[in-house]
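So the structure is just underneath, and the comments pick up after that.
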């Protein structure tokens with residue numbers, strides 16, 4: 407009886423590599439297939455030159471399988487790249503081997519004594535042809551390095567792979583970009599050198615080598631009042647500091663010193679134009695011999711600087727010339743002009759304040775003289791003392807009235823008798839009539855005017871009015887005198903004094919030009935102009951192109 411052979415169980419591990427081929431046994435896929443095949447359907451494994459260990463039946467792996475698995479694990483630990491594994495599989499297929507995975511291909515090639523990563527083997531694989539073995543090798547493949555004639559060297563293929571061609575194109579584009587970038591940078595540096603650096607160098611050369619050094623003389627002065635305040639502030643004059651009270655005067659003095667009038671006066675006194683027309687002045691700053699006043703005034707504004715600090719009330723003066731002594735002389739002259747201007751301003755204020763008071767006083771005096779003259783004329787044309795005359799007349803009238811009353815009583819008494827004394831009665835009547843006429847006459851002197859003179863009452867009234875006008879004129883005159891005195895006091899308070907806080911002293915070192923600062927400023931100016939023009943050109947170019 408024929409027994410059926412026992413089925414064998416094979417455990418195969420498949421690992422899918424990056425190129426789609428099944429890799430050798432390992433833990434990468436985690437997939438295990440257990441197949442039970444009969445001897446009729448089971449494919450025979452490839453037979454190599456090595457001696458295989460006897461195959462054992464059952465579930466236990468053979469010694470050869472254990473050795474192969476261990477070798478593959480060692481190859482996997484080497485950290486080979488996917489490209490190296492693919493080259494090893496292609497080389498194994500070229501040598502007629504049937505590897506089950508990329509790692510198995512490396513194992514089989516090494517078992518044959520072939521290094522799949524040797525340069526000569528890689529070149530041979532790329533060339534795609536079989537190596538022509540020399541005759542003395544006996545037709546056997548030589549795996550060790552051999553000396554090959556020059557004519558038999560297999561050169562690599564000139565055809566590039568798509569990846570190498572793409573890398574070559576990218577490198578070419580990068581070189582082109584770098585070249586254009588270098589050209590643009592060169593053009594940029596050329597423009598900067600032409601439009602920024604060269605003008606800056608010219609300006610720096612002028613400031614360092616050509617420009618005439620100017621010596622600056624600085625001084626400070628301030629304007630103060632007699633009492634620290636002016637009359638224009640009223641009750642607040644004592645509360646305001648002196649610099650606020652004299653602020654207008656300081657501004658006026660500053661404006662005068664900065665004016666063309668001060669420049670012309672300085673030119674007449676010390677020769678301002680001649681100073682800046684000399685040969686020691688560089689051509690850019692030099693004035694022409696026949697320069698106009700306007701040209702000289704531009705130079706005056708440049709080298710005579712004034713500043714007023716309202717918080718401190720100080721006027722700062724700086725004069726720069728090519729000679730330090732001349733600069734000091736110009737400063738002293740300008741301070742002298744300022745002092746004269748301050749005196750003129752304070753004098754005008756004093757005269758304006760006192761002039762009004764003097765005019766009022768003169769008017770009061772004229773009015774008093776007129777009133778007094780009128781009183782004298784009235785007294786000359788009439789009684790000197792009408793009031794005294796009136797008093798005498800009134801006293802006389804009183805006496806006449808008293809006598810008239812007595813005589814009237816006596817007459818009435820005589821008439822009251824049964825047999826009055828006729829002679830006595832007639833005498834009394836005669837006396838009463840005389841007294842009555844005298845009383846009427848005296849009353850007429852008081853109230854009635856004559857052809858030549860007015861009445862005493864009218865004359866007395868006119869004289870009283872003239873006396874009242876004279877008294878009023880006296881009061882007005884006294885007030886005018888007091889006002890004039892007060893105005894003089896206030897005018898004296900408004901006197902301005904120019905005090906020199908810092909005297910002008912000639913300097914030993916030049917203050918101008920400031921070489922480094924001016925050169926840096928020129929660089930910034932030219933750089934800003936170039937940047938502005940570049941941005942404008944770029945914007946216009948973009949607008950035109952779009």
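In our numbering, the protein residues as written are 407 to 952. Heads up, the beta-carbon is just placed ideally off N, CA and C, and yes, glycines get one too. This one's a predicted model, so the numbers in the text were calculated from it and none came from an experiment.
By the neighbour-count criterion, in which a residue is buried when 16 or more other Cβ atoms sit within 10 angstroms of its Cβ, residue 604 is exposed. In this structure, DSSP gives residue 924 a helical state, which the three-state scheme calls helix. Rounded to whole angstroms, the separation of the alpha carbons of residue 690 and residue 608 is 14 Å. Contiguous alpha helix (DSSP H) elements confined to the stretch 638-723 occur at 648-651, 653-663, 666-676, 678-681, 699-709, taking only those with 4 or more residues.
Taking a cut-off of 8 Å for Cβ pairs, the stretch 507-521 and the stretch 485-494 touch, as three or more such pairs fall below it. Our two residues, residue 513 and residue 577, have alpha carbons roughly 38 Å apart in a direct line. In the assembly as shown, residue 883 is a buried residue. Its beta-carbon has 16 or more other beta-carbons within 10 Å. A contact is defined here as three or more CB-CB pairs under 8 Å, and the stretch 911-930 meets this definition with respect to the stretch 607-622. Residue state for residue 624 is assigned as strand, using DSSP reduced to three classes.
Taking a 10 Å sphere around the C-beta of residue 817, we find 16 or more other C-beta atoms and assign the residue as buried. Here residue 756 is buried, its C-beta having at least 16 other C-beta atoms within 10 Å.
Within the stretch 741-826, complete alpha helix (DSSP H) segments of at least 4 residues are found at 792-821, given in chain order. Annotated three-state conformation of residue 906 is strand, per DSSP. With a 10 Å radius around the Cβ and a threshold of 16 neighbouring Cβ atoms, residue 500 comes out exposed. Sequence-distant partners of residue 810 (beyond 5 residues in either direction) whose C-beta falls short of 7 Å from its own C-beta, in its chain, are 838, 841, 842, 845. By alpha-carbon distance to residue 748, the top candidate from 866, 940, 653 is 653. When rounded, the separation of the alpha-carbon atoms in residue 726 and residue 630 is 27 Å. For residue 630, the three-state secondary structure derived from DSSP is strand. Under the 8 Å Cβ criterion, the stretch 925-934 does not count as touching the stretch 733-752, having fewer than three qualifying pairs. When secondary structure is reduced to three states using DSSP, residue 901 falls in the coil class, being assigned neither helix nor strand. Residue 506 sits in coil when the DSSP states are folded into three classes, being neither helix nor strand.
Residue 778 and residue 881 have their alpha carbons spaced roughly 13 Å apart. Rounded to whole angstroms, the Cβ separation of residue 676 and residue 624 is 18 Å, and the two are not in contact under 8 Å. For residue 473 and residue 502, the gap between their C-alpha atoms comes out near 22 Å. In the three-state reduction of the DSSP assignment, residue 828 falls in the helix class, which pools H, G and I. Look at the beta carbons and you see the stretch 692-707 not touching the stretch 655-662: under three pairs across the two are nearer than 8 Å. In the three-state reduction of the DSSP assignment, residue 889 falls in the helix class. If you compare the alpha carbons of 657, 754, 889, 807 with that of residue 766, the shortest gap goes to 889. Cβ atoms of residue 515 and residue 504 stay farther apart than 8 Å, at about 12 Å. With 16 or more neighbouring CB atoms inside 10 Å of its own CB, residue 736 falls in the buried class. A straight line joining the alpha-carbon of residue 761 with that of residue 879 spans about 20 Å. Under DSSP, no beta-bridge partner is assigned to residue 599. Under the three-state reduction of DSSP, residue 606 is assigned to helix. At the C-beta level, residue 925 and residue 613 come within 8 Å of one another.
Rounded to the nearest whole angstrom, the C-alpha separation of residue 616 and residue 902 is 46 Å.
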